[in-house]
Structure formats: structure tokens, C-alpha cells
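Just below is one structure, and these are the notes that go with it.
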Amino acid sequence: MKPSYREAMLLYKEDWEEAKERLKAWWNGEDLRQPIVQVYAPRRGLLGISWDRWSFVRYPEDPTIGIRGFERACEGTFFAGEAYPNLHINLGPGVMAAYLGASPKFISETVWFETPKPWEELQSLELDPANPWWYRTKRIASMALEASKGKFIIGTTDLGGIMDIAASLRGSNNLIIDLFRHPRQVKELCWQILELWHRCYEELHALLSRASEGSSAWMAIWCPKRWYPIQCDISAMLSPRLFEAYVLPLLREQCLRLDHTIYHWDGPGQIAHLDALLGIEELDGLQWTPGAGQPGTSSPYWFPLYRKIQRKGKRLVLLGVDKESLPFLLKELSPKGLLIQTNCTTEDEAKELMKSLGRA
Numbered sequence: 511m512k513p514s515y516r517e518a519m520l521l522y523k524e525d526w527e528e529a530k531e532r533l534k535a536w537w538n539g540e541d542l543r544q545p546i547v548q549v550y551a552p553r554r555g556l557l558g559i560s561w562d563r564w565s566f567v568r569y570p571e572d573p574t575i576g577i578r579g580f581e582r583a584c585e586g587t588f589f590a591g592e593a594y595p596n597l598h599i600n601l602g603p604g605v606m607a608a609y610l611g612a613s614p615k616f617i618s619e620t621v622w623f624e625t626p627k628p629w630e631e632l633q634s635l636e637l638d639p640a641n642p643w644w645y646r647t648k649r650i651a652s653m654a655l656e657a658s659k660g661k662f663i664i665g666t667t668d669l670g671g672i673m674d675i676a677a678s679l680r681g682s683n684n685l686i687i688d689l690f691r692h693p694r695q696v697k698e699l700c701w702q703i704l705e706l707w708h709r710c711y712e713e714l715h716a717l718l719s720r721a722s723e724g725s726s727a728w729m730a731i732w733c734p735k736r737w738y739p740i741q742c743d744i745s746a747m748l749s750p751r752l753f754e755a756y757v758l759p760l761l762r763e764q765c766l767r768l769d770h771t772i773y774h775w776d777g778p779g780q781i782a783h784l785d786a787l788l789g790i791e792e793l794d795g796l797q798w799t800p801g802a803g804q805p806g807t808s809s810p811y812w813f814p815l816y817r818k819i820q821r822k823g824k825r826l827v828l829l830g831v832d833k834e835s836l837p838f839l840l841k842e843l844s845p846k847g848l849l850i851q852t853n854c855t856t857e858d859e860a861k862e863l864m865k866s867l868g869r870a
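Just so we're aligned, residue 511 is where the sequence shown starts under our numbering, counting upward by one.
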């Protein structure tokens, strides 16, 4: 039975219909006169409950621990503006590599891939339906699906960037050397991964679409169509020439296959690739992450980059913005295509912030 998409609210987000309409307009490139603003705060009278976003990795045999923990956190969270309850199926960044045989290891707050594979094992990649990580992902998605109806949105798991997945399979240092010694094999491997990536994405999207309209991901931006944050973290180690030869064609192909895309632009090492990224006509926008030890997202240091992105007509996504910096940020940047995520310490503070933005 097809789901009904007419609900005007979610249990944890009463003005969901209004938020959806503004997000639809943002994706459609409409001038909303104000940016999209997502504000998270503890609900009045309740202690904010943090959700262990690594629950699905810590307790792989019992996804209900993660799902129930997320719901408890939602009960204590006020979602203001276009913020909404988004259950991201987090199995670590780039879990697609595990679907293809890489060995993940959970350490503290992240997942690493060990034991690089020789080229002989990567000549003909296949997705084994019985792969434990692929099976686990679909099992969690199915269980979350049943729990989510009328309550929250489910974000697709972090499949990873195409060349980042190749780096997890081959080893990052090995792959960089391979670009010079085995360029043909690297390209063939990446295009094999791309085909399997989209196969996994479409299967997960079809599954999650049974509960709600549209799609979401780890970035917690709802879209009425098929979208995903594409990326290539290893590009920080690549020259512009290598980026344009190896990475750009893959990104462009993903933009063509998906309805909408935002590039996860991670760290100063990727600044050299901005012009190439802005040259992808089908790319909707970029999300900037400054990286450790750098000025924060709200810092004027990055404003020239933000303005350059906006001048090209691309959407600009800024996560982790300081609420105190919001007024200055909004004076310096165009509201068109801008999406900001921030946090407040109380529900009243969040409401006051929205009121100051003319969004009471």
C-alpha cells in the first residue's frame, strides 16, 4: 500500500507541512526572501536528551536500541524553522566499502577500514546480497520504517563518495600511487563502484519511500525528490589536474542520475577544486566544512568563498553556525539559496531567534 503524503504534521514536528513547502521552494530555486533556517533546542520543561548516533554500530544485533533512543531524544527536542526529526542510519562514513568486502573497524566515534585489497580482488566487484553490512543496513531501514510513520523522517545511510570508497578498498596511499601507475584500473574501479552505489541508493530509496515522501540523508535536509550529499574527501590530496581527470566525471554522473545533489566540501585542501565544482551545471550547491583547527563556519574568513558560490547561483549550506553570528552572517550573504543549521540552549531562545528573523 502506498503511503499517504497528506499529513500536515509529524508527532515531533507539528508545522511539518509548512517546513516541507519552504524546503520544496528552496530546492526549486525560488527566492524565499529569507534563508532556510534549521534550529534545534531542548523542549521547555524537559532536559535535552542526546542521542547516541553510533547506536547502530555499537548494538548491531538490536537496532531497536538506536531507534528508541532517537525517539526519546526527539521527545525532548524543539525543532524550529525547517529543522525536523531525522533518523540517520549511521553505520559510519562510506559504509558502501563494507558492502563490497572492506573490513570496517569501529574505534571510539568513527569507523576505519583496514587491510587494503590487492588489484586482483578488485577486478570485478559485485554486491553480495548476503553481505552482512548490506543486510544490516536494510534490516535497520525496515525496522525504522515501521517506527517512523507519522513521527519522524529517515535519512539514507552514508554510502560515501565514489573515490573515497575506492580508497577504503585499496588503501588511500596505495590509491594515490595507483593514479600514476595504474590510471586505467583506477578509473575502471571507480566506475564499477558508481554503478553499484546507485544500485544500493535506489534500493534503499524505494524501501524508505514506503513511509514518507521524498528523501533525506545525514545532512538532515529534506527533499521532495531523490537527493544525496555527494563527496570526495580524498580530493584534498589531489591536484586540480587529477581532480578534473578522475573525480569530476564521477561527480557529474551522480548529479545526472540523482534529482538533486549538494557537494560535501570538506576542508581547506579542497578549496583548489572550487572552480571545477562550480562548473558542474547540474550540481545544486555546496556544504562547507572548515575542518579541525580552522576558523568556524560563521567566520568572515570564509565569506569570499561563500560569495563566490552564491554568485554562481548555487545553494550554500552552512552547518554548525553560531547563533550569535547569525545576524552578521545574514547581513553579509544573500538569503537566496542559503541554508543554515544552528542550535539554541532553550526552546524560548529558539523561538526568540526565529522571531528576530521575522519567522515568529
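C-beta atoms are modelled at their ideal positions from N, C-alpha and C, and glycine is treated no differently.
Where the beta strand (DSSP E) containing residue i begins and where it ends
| i | result |
| --- | --- |
| residue 591 | 587-591 |
| residue 814 | Residue 814 -> not in any beta strand (DSSP E); alpha helix (DSSP H) instead, spanning 813-821. |
| residue 638 | It is not in any beta strand (DSSP E) - residue 638 carries neither H nor E in the DSSP assignment. |
| residue 906 | Since the displayed the chain opens at 511 and closes at 870, residue 906 lies outside it and no answer follows. |
| residue 848 | 848-853 |
| residue 548 | 546-552 |
| residue 875 | This structure cannot settle anything about residue 875, because the visible part of the chain is limited to 511 through 870. |
| residue 825 | 825-831 |
| residue 741 | 737-741 |
| residue 780 | That residue, residue 780, is in no beta strand (DSSP E); it is neither H nor E in DSSP. |
| residue 758 | Premise fails: residue 758 lies in the alpha helix (DSSP H), 758-767, not in any beta strand (DSSP E). |
| residue 796 | 795-799 |
| residue 597 | 596-598 |
| residue 664 | 663-665 |
CB of residue i within 9 Å of CB of residue j, strictly
| i | j | result |
| --- | --- | --- |
| residue 829 | residue 804 | no |
| residue 643 | residue 603 | no |
| residue 579 | residue 562 | yes |
| residue 913 | residue 825 | Because residue 913 is not part of the residues shown, which for the chain are 511 to 870, the question remains open. |
| residue 647 | residue 718 | no |
| residue 681 | residue 626 | yes |
| residue 582 | residue 559 | yes |
| residue 709 | residue 637 | yes |
| residue 728 | residue 600 | yes |
| residue 542 | residue 846 | yes |
| residue 837 | residue 809 | no |
| residue 573 | residue 640 | no |
| residue 597 | residue 662 | yes |
| residue 606 | residue 537 | no |
| residue 689 | residue 761 | no |
| residue 659 | residue 756 | no |
| residue 864 | residue 591 | yes |
| residue 545 | residue 849 | yes |
| residue 612 | residue 679 | yes |
Closest residue to residue i among the options (Cα-Cα distance)
| i | options | result |
| --- | --- | --- |
| residue 723 | 734, 853, 795, 854 | 734 |
| residue 835 | 806, 859, 814 | 806 |
| residue 576 | 519, 711, 651 | 651 |
| residue 567 | 741, 619, 689 | 619 |
| residue 673 | 837, 592, 764 | 764 |
| residue 742 | 711, 767, 798 | 798 |
| residue 694 | 849, 869, 822, 633 | 633 |
| residue 823 | 837, 814, 788 | 788 |
| residue 657 | 520, 814, 698, 607 | 520 |
| residue 781 | 812, 714, 808, 556 | 812 |
| residue 730 | 524, 664, 868, 755 | 664 |
| residue 747 | 712, 786, 683, 809 | 683 |
| residue 818 | 802, 833, 783 | 783 |
| residue 715 | 814, 671, 768 | 768 |
| residue 555 | 689, 869, 856 | 856 |
| residue 569 | 616, 833, 831 | 616 |
| residue 832 | 853, 816, 814, 815 | 853 |
| residue 815 | 869, 584, 791, 775 | 775 |
N-terminal and C-terminal residue of the alpha helix (DSSP H) that residue i is part of
| i | result |
| --- | --- |
| residue 684 | 682-691 |
| residue 521 | Premise fails: residue 521 is in no alpha helix (DSSP H) and is neither H nor E. |
| residue 534 | 526-537 |
| residue 609 | 606-609 |
| residue 866 | 857-866 |
| residue 613 | Counting along the chain, residue 613 falls outside any alpha helix (DSSP H), though it belongs to the beta strand (DSSP E) covering 613-617. |
| residue 659 | It is not in any alpha helix (DSSP H) - residue 659 carries neither H nor E in the DSSP assignment. |
| residue 879 | With the chain covering only 511 through 870, there is no way to say anything about residue 879. |
| residue 568 | 565-568 |
Rounded Cβ spacing between residue i and residue j (contact assumed at less than 8 Å)
| i | j | result |
| --- | --- | --- |
| residue 793 | residue 820 | 14 Å between Cβ atoms; not a contact. |
| residue 609 | residue 526 | With 8 Å as the limit, residue 609 and residue 526 do not qualify as a contact, their Cβ atoms being about 32 Å apart. |
| residue 645 | residue 589 | About 32 Å separates the two Cβ atoms, so there is no contact after all. |
| residue 686 | residue 635 | The Cβ separation is near 20 Å, so there is no contact. |
| residue 744 | residue 677 | 5 Å |
| residue 790 | residue 827 | Rounded, the Cβ-Cβ distance is 16 Å, inconsistent with contact. |
| residue 622 | residue 692 | So it is not a contact: roughly 24 Å between Cβ atoms. |
Residue i Cβ short of 8 Å to the ligand COA heavy atom set
| i | result |
| --- | --- |
| residue 797 | The ligand COA is absent from the structure shown, which contains no ligand whatsoever. |
Worksheet item: Can we say the region 545-559 touches the region 847-865, given the rule of at least three CB pairs closer than 8 Å?
Response: Three or more pairs of CB atoms, one per stretch, sit closer than 8 Å, so the region 545-559 contacts the region 847-865.
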